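Comments concern the structure below.
Residue numbers (the UniProt record's numbering): 1 to 104.
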């Protein structure tokens, strides 16, 4: 699955860990167990998962520069990025910033 995701989005191999983490995150919230008619998330937490915030791995995204750097009056306030998945520690997305070459 990881190889397919990376090839489909024409992403380099060094994003393999992000692809695996995102695959596991999505599968735990979407695959249905045929016997119980529930997702693994429902079995663990006892409630249905909210999947309204799901995005496509590798899609274009924009990262807001909220005071990280001093920007000029006419400089762009956002950086272009690549969506890589979901944060494990907070309700946030993980994105690769093309300008700084960092995962934020």
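A virtual CB, placed ideally from N, CA and C, is assigned to each residue, including glycine.
Remember, predicted model here, so these are calculated numbers, not experimental data.
So, helix, strand or coil for residue i, using DSSP?
i           : result
residue 20  : helix
residue 94  : strand
residue 43  : helix
residue 77  : coil
residue 37  : coil
residue 13  : helix
residue 59  : coil
residue 101 : coil
residue 53  : coil
Thinking just about the alpha-carbon of each residue, which of the options is nearest to the one in residue i?
i          : options         : result
residue 77 : 65, 70 and 83   : 65
residue 87 : 69, 10 and 103  : 103
residue 27 : 37, 41 and 79   : 41
residue 99 : 74, 5, 8 and 61 : 61
residue 5  : 83, 93 and 90   : 83
Quick check: residue i and residue j, are their CB atoms within less than 7 angstroms of each other?
i          : j          : result
residue 49 : residue 33 : no
residue 81 : residue 97 : yes
residue 95 : residue 63 : yes
residue 1  : residue 23 : yes
Taking contact to mean 3 or more Cβ pairs, one atom from each stretch, closer than 8 angstroms, check whether the segment 50–61 and the segment 19–33 are in contact.
yes
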